[in-house]
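Undergrad: The numbering of the sequence shown is the working numbering, which starts it at 4 and goes up by one.
Built from N, CA and C at the ideal position, the CB exists for glycine as well.
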Amino acid sequence: MPHLVLLYTPDLESDADIPGLCRALADTMLEQRDASGKAVFPTGGTRVLAYPAAHCAVADGKGEYGFLYANLRMGAGRSSDVHKAVGDNLLAVLKTRLDPLLQQRPVGITLQIDQSTAQVYDAKHSTLHPLFNR
């Protein structure tokens, strides 16, 4: 963890660079530092996953409306200042990367950050982490 999941109306795929957006968001996550300068997120655990909605309805359906929902789930233990900085930085990337589309038509963007505090089961197995923990 952290995992940032994007869910969006399928029409955005033809009008936005979704793979580029994913990379930009992941890079932004990896750039985040806490007050002591320590990386907020582990390199090997950082994931950005994007999915077009198989079915959707936006607003009244009378226009060419788009929507992108971004949900970042991170482990507990980070300060509220870190939460705000991460959120502000990710929202800035979303707005910048989607600005050409936002200038053309109505598109809603929602970013939420959830903190995982009470997992009942949390198992991990990865051959990614050892690549970055040297």
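1) In angstroms, rounded to a whole number, what distance separates the CA positions of Phe-135 and Ala-42?
2) Counting pairs of Cβ atoms below 8 Å between the region 91 to 110 and the region 49 to 57, do you hit three or more?
3) Mind checking Leu-131: buried by the 16 CB within 10 Å criterion, or exposed?
4) Using the Cα positions of His-6 and Arg-50, report the straight-line distance between them to the nearest angstrom.
5) Cα-Cα, which of Pro-133, Val-89 and Pro-103 is closest to Arg-76?
6) Starting from Asp-91 and walking both ways along the alpha helix (DSSP H), at which residues does that stretch end?
7) Residues in the same chain with beta-carbon distance under 8 Å from Leu-104, minus the five sequence neighbours each way, listed in chain order, please.
8) Give the secondary structure of Ser-17 by DSSP, where H, G and I count as helix, E and B as strand, and everything else as coil.
TA: So, from the listed chains and residues:
1) Looking at the two C-alpha atoms, the distance is approximately 13 Å.
2) Counting Cβ pairs under 8 Å, fewer than three are found: no touch.
3) Exposure of Leu-131 is indicated by the presence of fewer than 16 other C-beta atoms within 10 angstroms of its C-beta.
4) Roughly 5 Å between the two C-alpha positions.
5) Comparing Cα positions, the closest option is Val-89.
6) Per DSSP, Asp-91 belongs to the alpha helix (DSSP H) from 83 to 107.
7) Excluding residues within five positions, the ones whose Cβ falls inside 8 Å are Leu-15, Asp-18, Ala-19, Gly-69 and Val-110.
8) Helix at Ser-17.
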